[in-house]
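Have a look at the structure below, then the notes.
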Amino acid sequence: ALGVLGRLVEGGSGVVRRWGLEEVAGVHLAEGEYSKAEEVYDRLNRERESPRILMALGDTYRNKTKDYRRAIETYRKIIESYPESYLAPQARYKIALCYRRLAELDRAIEEAQKALDDYPDLNADTRAMIECFIGRLYISKQEFLKGKEKLQEVIHNYPRTRWAQRAKADIEKLKTIHLDSKVVEWRQNIESLIREIMTCGRPVIRDGIENVLLRPHLIFGCKMDDPHMAFRRPSSMRLDSQGNIYIVDTGNRRVVKFDNTGKFLQEIGLGKLSKPMDVAFDPEGNIYVLDAGRLGFRVVIFDSNGRYLSKFRLEPGPLGGGPGPPEMAIDDRGLIYVNQPSQGSLFSVYSKEGKKIASFGEIVSYSNPGQHRVLNKVVFCFDSRGFLNALYISRPIFRRYDRNFELVFEKEIKAEEIEWLTERRERIEGVRGSRGFRSVIYFQDIAPTNDGGVVVKLIPWRIFYWFDKDGSLKRKLIVDRDFDPKDCYINEIATDKEGRLYGFTAFSYRIYRYE
């Protein structure tokens, strides 16, 4: 098809040629060649700008390459250059969608409201859709009462639209999960605790747990105008023994290395990786990348300078399967551990040559495949004494294993936030979702401390748990409430050899150090 269209483009002119180029772009999109489609749309736009081509280019940035900043710029051209076009209201709304993906929720609300104010002739269904979107944005900002009021306006003003029914469902969910009396009480307790810490200027002890206020310091973040920092769907962040920061930039098929001040050092894996998911380091400093290819998962090995050494495939079967990418870690013997419940145990252990040498960790069997995948997913790391520490992401269970793969202990974690999350889980667990099963996630990531313990990111945006070397919860770390909420949602954490904590934000792709 591309050959025929190519001849048509080269030999044609005018309308026929432009039609051929649009078809070529469509073929590239269908085959997943998004950068090529982007080039064709950009070529069409340079030859003769039109709102339709600008919209196609913006949609490619937004939906395919996930370059939301460039999508916003392209949609704005439609509004500024073609204000009377029927595509202008769509462009304004899509700008709001982009800001939501960037977690700039105030900007998203502002742009969505402009779509309503600037285009009063929008039909009822479209206006209801945008107002429902604004209500959900307020809920995402945790301004639950504002969100509820906006959704009630949708029900009152547009009762016959499908969005009124969705607004009713959202309000019921809001009452059940976010406006529940115990949830409100928990949030009030956190705010009271923060005020107490700020008033006395020192940590506060409650129920035998030391509560500490964290203040984040930005190191660096995603910059779409800098090729080294233009991340696309990054999935992991790790630190090596020298404190260098590695970002697994999944969408760009690379691993990017920075020093601890954010200075770019090198790109690793270009041309060697398909869909990198995680990175780890052996005692010699070699770099191991967990990569998802068409034929399954593999581990690709590079030396400390980023030169390719070798690769091997893991045993077939989906890894992890729960929310988030699969995890990998390497012990002080150079053995590679992967969370692999599909193989009948929590962990599979491989040598650096790719030989599977052990499987361990009892799993819980469920008849529902979704439950089996999600409820056996763990985050894990090695502490400074060589023990493997694992926490189930969807159950408040903490396990520790020794160097012989034997279970040292299994503990149920008890804390106020855990009780709240457990009650929430009981309300929604088993409800069918897009993946056939829904559950509550307790823990986001784990990292070692320099005293033999571990620090864990709890899923509520602002809270970390600090466990001592005996596995007891001793500290609760709370991010300063005056900090931008979107940068409190930490997706990945790591620690350096001094014990300082680093976090990688899920939406804005920024690296922070917490003190």
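Its first residue numbered 432, the sequence shown is counted upward by one per residue in this note's numbering. From the three backbone atoms N, C-alpha and C, an ideal C-beta is built for every residue, glycine too. Since we're looking at a predicted model, the values are computed, not measured.
query	result
The alpha helix (DSSP H) enclosing residue 529, as first and last residue numbers	519-532
Exposure label - residue 645; buried when at least 16 CB within 10 Å	buried
Any non-hydrogen atom of the ligand GDP closer than 7 Å to residue 776 Cβ	Of the ligands one can find in the structure shown there are none, so the ligand GDP has no counterpart to examine.
Identity of the residue in 642, 789, 515 nearest residue 834 by Cα	789
Coil, strand or helix - residue 805 by DSSP	helix
Buried/exposed call for residue 933, threshold 16 Cβ in 10 Å	buried
Contact under 8 Å by Cβ, residue 669 with residue 711	yes
Nearest-angstrom Cβ-Cβ length linking residue 499 and residue 533, presumed shorter than 8 Å	5 Å
Assigned secondary structure, residue 571 (DSSP; H/G/I helix, E/B strand, else coil)	helix
Beta-bridge partners of residue 648, as assigned by DSSP	944
Candidates 549, 943, 542: closest to residue 517 by CA position	549
Closest residue to residue 930 among 910, 909, 578, 815 (Cα-Cα distance)	815
Which of helix, strand or coil DSSP assigns to residue 554	coil
Neighbourhood of residue 544 by C-beta, 8 Å cutoff - its chain only, sequence neighbours within 5 removed	565
Buried/exposed call for residue 926, threshold 16 Cβ in 10 Å	buried
Residue 727 - containing alpha helix (DSSP H), residue span	Taken as a continuous stretch (DSSP letters only), residue 727 belongs to no alpha helix (DSSP H), being part of the beta strand (DSSP E) at 727-733.
Among 808, 786, 785, nearest to residue 795 - alpha-carbon criterion	808
Close-in-space but distant-in-sequence residues of the same chain around residue 741 (CB under 6 Å, 5 per side omitted)	732
Buried versus exposed call for residue 850 [16 or more other C-beta atoms within 10 Å across all chains shown]	exposed
Neighbour-count burial assignment, residue 485, 16 or more Cβ in a 10 Å radius	buried
CB of residue 874 within 8 Å of CB of residue 769, strictly	no
Cβ-based neighbour list, residue 538, same chain, cut-off 6 Å, excluding 5 preceding and 5 following	530
Residue 544, DSSP secondary structure in three states	helix
Residues sharing a beta bridge with residue 926, DSSP	932
Residue closest to residue 603, alpha-carbon to alpha-carbon, out of 592, 575, 630, 882	575
Through-space distance from residue 854 to residue 617, alpha-carbon basis	12 Å
Residue closest to residue 839, alpha-carbon to alpha-carbon, out of 879, 848, 780, 901	901
Span separating the alpha-carbon of residue 720 from that of residue 642	36 Å
Backbone CA spacing between residue 619 and residue 903 [nearest angstrom]	25 Å
8 Å contact criterion, which residue 706 and residue 680 should meet: CB distance rounded	Not really, about 11 Å apart at Cβ, beyond 8 Å.
Collapsed DSSP secondary structure at residue 707 in the structure displayed	strand
Beta-bridge pairing of residue 759 - partner residues as DSSP gives them	769
Residue 625, buried or exposed, once every other Cβ within 10 Å from all chains shown has been counted against 16	buried
Beta-carbon proximity check, residue 735 vs residue 716, cutoff 8 Å	yes
As assigned by DSSP and simplified to three states, the class of residue 600	helix
Helix, strand or coil at residue 482 according to DSSP, with G and I counted as helix	helix
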